[in-house]
Amino acid sequence: MVRLAPLRAETDESLVQELLRYVRFSDEDARLLRALRPLAAPHFERIATAFYDRIREHDEAHDVFTGEAQIKRLQGSMVRWMDRLCAGPHDEAYFKKTLEIGRIHVQIGLPQRYMFTAMALIRVELLRVVDDTMGEETRACREALDRALDLELAFMLEGYRDHFLARTQQRERLERAEVDLALRRTEHRYVSAVELARVLVVGLDREGKIRLFNREAERVTGLGREEVIGAPFHEALLPEALRDEQAGLLHALLEGRESRATLDDVESAVRTRAGKIRDVRWQFAYAPGDDDDIVLFAVGRDTTDENALAVRLRQNEKLAAVGTLAAGLAHEIRNPLNGAQLHVTFLERGLRKSGADGDQLEAVHIVGEEIKRLGKLVSEFLDFARPKPLELRPTSVHAVCERASKLVEARAIQTNVTLALELPTTELVLDLDTPKIQQVLLNLLQNAVEALQPTGGGTVTLRARRRPRDVWIEVEDDGPGLSSPDAPIFDPFFSTKPEGTGLGLAIVHRIVTDHGGTIDVDSHPGRTVFRVSLPVRLGAHDAEANAGKILA
Numbered sequence: 001m002v003r004l005a006p007l008r009a010e011t012d013e014s015l016v017q018e019l020l021r022y023v024r025f026s027d028e029d030a031r032l033l034r035a036l037r038p039l040a041a042p043h044f045e046r047i048a049t050a051f052y053d054r055i056r057e058h059d060e061a062h063d064v065f066t067g068e069a070q071i072k073r074l075q076g077s078m079v080r081w082m083d084r085l086c087a088g089p090h091d092e093a094y095f096k097k098t099l100e101i102g103r104i105h106v107q108i109g110l111p112q113r114y115m116f117t118a119m120a121l122i123r124v125e126l127l128r129v130v131d132d133t134m135g136e137e138t139r140a141c142r143e144a145l146d147r148a149l150d151l152e153l154a155f156m157l158e159g160y161r162d163h164f165l166a167r168t169q170q171r172e173r174l175e176r177a178e179v180d181l182a183l184r185r186t187e188h189r190y191v192s193a194v195e196l197a198r199v200l201v202v203g204l205d206r207e208g209k210i211r212l213f214n215r216e217a218e219r220v221t222g223l224g225r226e227e228v229i230g231a232p233f234h235e236a237l238l239p240e241a242l243r244d245e246q247a248g249l250l251h252a253l254l255e256g257r258e259s260r261a262t263l264d265d266v267e268s269a270v271r272t273r274a275g276k277i278r279d280v281r282w283q284f285a286y287a288p289g290d291d292d293d294i295v296l297f298a299v300g301r302d303t304t305d306e307n308a309l310a311v312r313l314r315q316n317e318k319l320a321a322v323g324t325l326a327a328g329l330a331h332e333i334r335n336p337l338n339g340a341q342l343h344v345t346f347l348e349r350g351l352r353k354s355g356a357d358g359d360q361l362e363a364v365h366i367v368g369e370e371i372k373r374l375g376k377l378v379s380e381f382l383d384f385a386r387p388k389p390l391e392l393r394p395t396s397v398h399a400v401c402e403r404a405s406k407l408v409e410a411r412a413i414q415t416n417v418t419l420a421l422e423l424p425t426t427e428l429v430l431d432l433d434t435p436k437i438q439q440v441l442l443n444l445l446q447n448a449v450e451a452l453q454p455t456g457g458g459t460v461t462l463r464a465r466r467r468p469r470d471v472w473i474e475v476e477d478d479g480p481g482l483s484s485p486d487a488p489i490f491d492p493f494f495s496t497k498p499e500g501t502g503l504g505l506a507i508v509h510r511i512v513t514d515h516g517g518t519i520d521v522d523s524h525p526g527r528t529v530f531r532v533s534l535p536v537r538l539g540a541h542d543a544e545a546n547a548g549k550i551l552a
C-alpha cells in the first residue's frame, strides 16, 4: 500500500500526477483496466451484494447502517465505484471523488479498520475476475489493478483522516468553549457515579440544551457526547412523532412548574444513531441554578427489552389458558363429529338413490361441509393445545423459503398474485424444526395472497436477511393492510376472515417463540410486512461442518 504525505483538502493536478508516477501507474495500466471493464462489469453487482452480506454478520460494522434501504443505495454506489475504477480517467476530478468516500465513512461512523478489510475483500474478487478473463495479459492487469486499488485506499484514508481530524478539532473547541464549565462544576464530584451507572443521565440547561451526557446514554443512543452537547434535548434524542407531544412537558419541567408525580416515571423513547427507537422510562430532577448551568437532570432506564418480554409473557399466558380450553373441547367433540359425518354421508347416498330433489341434496351437502369445517377447527385446536416438542436439525433457510413459495404458487397464479423471492447470496443454515417453520411460512404466504384477492392481484415478497445475531424472514404484500394497526392478530380466535378460526397466527406465534424468536407486523395501506426473527446459534450456520446433514 502507498503511504502518502498529508493531502490538502483540495487535490491539484500536479499532486495527482506525482502520486501516479510514484506507484508507476502508466497509460498502459489505464488501458488494461479499460479492457477489463466490460469483462468485470457483469460481476460488479454480485461482488457488492456479497460484500454487504458479509457486513451483516458483524455487529460493529452492521450497526452503523440505518436500514435495508441505505444498504441498497450503498450497494449501488459500490457498483458505480468499481465501474469508475476501471473506466478512469485517473485525474484530479477522479481522486476528489475518492477523498469524498473517506469523508462519508467518518460521517456514518464506520471504523477505519473496515476500510482496509473492505478493500482486501474487493481486491480478491476483482483479481479472480482478472485471472478468469484476461488471458495473456493477466499478470500485467493484476499489477495495474493492484496499483489502482492502492491509490484508491491511500486517498480514501487521507479523506477519512482529514474529516476525522476536523471532527476531533470541533469536539475540542466545544469542550473548551462550552463543556468545560459544566464539567468543572459537576463531573469532578459525580463523574464516577454518573459514568458507571447503568442508567442514562442527561443534564439540561434552562433552554433545554444538553450539557451532560453519560456513557450509558452514549451506549443506548450510539451518539457521542461531542455530537449532542449544546443541542436541544427534544431535537437530538426524541423521535419525531414524540417531539410536539412532549415539548410542552419539557418546557414546564425546565421552569419547575410540574408536580412531583409528573417528574417520576415518564414513558418516552429515544432515537438512536442508526434511526432505531428505544423505549426509555425517565425520571426528572429539577435543580435550579445559574442561567448557564444544569437546571434539570433526566435519568432514564432503557426498557425496550423489558417491554418486549412483558408482551411475550402476556401472549404466552393467553396461549396457555386457551390451549387448556381447546384441548378439552377438542377431546369432547371429535368423536361425535366423526359419527355425524358418517351418518350425513349415508343420508346423502340414500337421498340420491331415492331420487330426492336438489334442495334436499343441497341441504345435506351444506351440513356435511359445515361438519368438515368444524373438524378442521378441532384439528387446529389440538395443534394449538398440544404442541409437540421441537425437533431441531440444521436446516437451509433458502430451501425452506423456496419450498414454501412453490407450495403457494398455484393459489397465487389463480388470484393474479406475483410471488417474489429475495434470498442472500450465501447459504443460511439454522437449527430449526423444519416442518413447523414450513407451517409458519405457508400460513403467512397464504394470508398475504388472500389479502390481495379482493384487489385483483398484486405482489407478495418472501425475503431472508442475515444479521449479526439473527436471521430475518419477511413476508410482504402490497395489499390494503390491516383494518387496525392495533388489532390483536396473534391472539387465539381473533380473525379478520369471515370463515377464519382465529388460530392460524396464534399457532405461528407459538412456533416462532418456541424457537426462541420473535414475530411482529408493520401494516399500513399499500404495504404489510410480517417479520420473523430467528436466533443464530453457535454452530448452526456452519454449512461445511454440517455437510450432508442439512435439511432442505
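Each residue of the sequence shown is one higher than the last, beginning at 1 in UniProt numbering. Backbone N, C-alpha and C define an ideal beta-carbon position, used for all residues, glycine too.
Nearest-angstrom Cα separation, counted from residue j out to residue i
| i | j | result |
| --- | --- | --- |
| Glu60 | Gln414 | 46 Å |
| Pro535 | Arg123 | 32 Å |
| Val471 | Gly457 | 29 Å |
| Ala231 | Lys209 | 5 Å |
| Ile371 | Lys436 | 27 Å |
| Glu369 | Arg243 | 55 Å |
| residue 585 | Val266 | It is not possible to answer for residue 585, since the shown part of the chain is limited to 1 through 552. |
| Trp282 | Val512 | 32 Å |
| Val194 | Gly76 | 44 Å |
| Ala252 | Glu227 | 26 Å |
| Leu212 | Arg225 | 8 Å |
| Ala120 | Gly248 | 52 Å |
| Leu200 | Glu245 | 21 Å |
| Met156 | Asp91 | 15 Å |
| Asp357 | Pro454 | 35 Å |
| Phe284 | Leu309 | 26 Å |
| Thr117 | Leu153 | 11 Å |
| Ala261 | Val508 | Confidence is the limiting factor: at Ala261 the pLDDT is only 46, short of 50, which leaves the residue's position unreliable and the question unanswerable from this model. |
| Val397 | Val429 | 6 Å |
Same chain only: Cβ atoms within 6 Å of residue i, ignoring 5 sequence neighbours per side
| i | result |
| --- | --- |
| Phe530 | Leu444, Val475 and Val521 |
| Glu172 | none |
| Gly375 | Leu337 |
| Leu505 | Ile489 and Phe490 |
| Ala50 | Thr425 |
| Glu45 | Val79 |
| Gln341 | Ile371 |
| Glu10 | Residue placement at Glu10 is flagged as unreliable, the pLDDT there being 44, under the threshold of 50; the coordinate-derived value follows with that caveat. If we look at Glu10 and ignore the five residues flanking it on each side, it has no Cβ neighbours. |
| Ser268 | Val280 and Trp282 |
| Ser26 | none |
| His43 | Val129 |
| residue 636 | Here the chain covers residues 1 to 552 and nothing more, so residue 636 does not appear. |
Close Cβ partners of residue i (< 7 Å) along its chain, the five nearest in sequence each way excluded
| i | result |
| --- | --- |
| Cys86 | Leu33, Arg34, Leu36, Arg37 and Ala40 |
| Asp478 | Gly458, Thr459, Gly526 and Arg527 |
| Glu57 | Arg466 and Pro468 |
| Arg142 | Leu127 and Val130 |
| Val449 | Val408, Arg411, Ala412, Thr415, Val417 and Val460 |
| Arg537 | Asp431 |
| Leu392 | Asp431, Leu432 and Asp433 |
Proximity test, residue i beta-carbon vs the ligand FMN heavy atom, cut-off 7 Å
| i | result |
| --- | --- |
| Leu444 | The ligand FMN is not among the ligands present in this structure, which contains no ligands whatsoever. |
Cβ distance (whole Å) where residue i is taken to contact residue j below 8 Å
| i | j | result |
| --- | --- | --- |
| Thr138 | Asp146 | Thr138 to Asp146, Cβ: 13 Å. No contact. |
| residue 580 | Ile71 | Residue 580 is absent from the model: the chain starts at 1 and stops at 552. |
| Leu432 | Val408 | Not a contact, Cβ separation roughly 19 Å. |
| Arg349 | Leu361 | About 11 Å; that fails the 8 Å criterion. |
| Arg271 | Leu237 | 6 Å |
| Thr395 | Thr345 | Incorrect: roughly 41 Å between the Cβ atoms, too far for contact. |
| Ala144 | Gly88 | 11 Å between Cβ atoms; not a contact. |
| Gln438 | Val400 | 6 Å |
| Tyr94 | Leu74 | No, Tyr94 and Leu74 are not in contact; Cβ-Cβ is about 20 Å, not under 8 Å. |
| Gly517 | Val532 | 6 Å |
| Leu313 | Asp514 | Between Asp514 and Leu313 the Cβ distance is about 14 Å, and since that is not below 8 Å, they are no contact. |
Close Cβ partners of residue i (< 8 Å) along its chain, the five nearest in sequence each way excluded
| i | result |
| --- | --- |
| His365 | Glu348 |
| Gln446 | Val408 and Arg411 |
| Phe62 | Correcting the residue type first, residue 62 is His in the shown sequence and not Phe. Answer for His62: Ile55, Arg56, Arg467 and Pro468, listed in chain order. |
| Glu235 | Arg243 |
(message) I'd like to know if the region 418-431 and the region 461-470 are in contact, where contact means that at least 3 CB-CB pairs between them fall below 8 Å.
(response) yes
(message) Any contact between the region 272-287 and the region 61-74? By contact I mean 3 or more CB pairs, one from each, below 8 Å.
(response) yes
(message) Check whether the region 293-304 and the region 198-218 touch, using three or more Cβ-Cβ pairs below 8 Å as the test.
(response) yes
(request) Give a yes or no on contact between the region 405-414 and the region 424-435, applying the rule of three or more CB pairs nearer than 8 Å. (result) no
(message) Threshold first: 3 residues or longer. Then list the beta strand (DSSP E) segments lying entirely within the region 412-461, N to C.
(response) 417-422 and 429-432
(request) Would you mind listing the beta strand (DSSP E) stretches within the region 13-49 that are 3+ residues and don't spill past its ends, in chain order? (result) none
(request) With a floor of 4 residues, list each alpha helix (DSSP H) that falls wholly inside the region 208-235, ordered by position along the chain. (result) 215-221 and 225-228
(request) Run through the region 340-410 for me and flag every whole alpha helix (DSSP H) of 4 or more residues, listed as ranges in chain order. (result) 358-385
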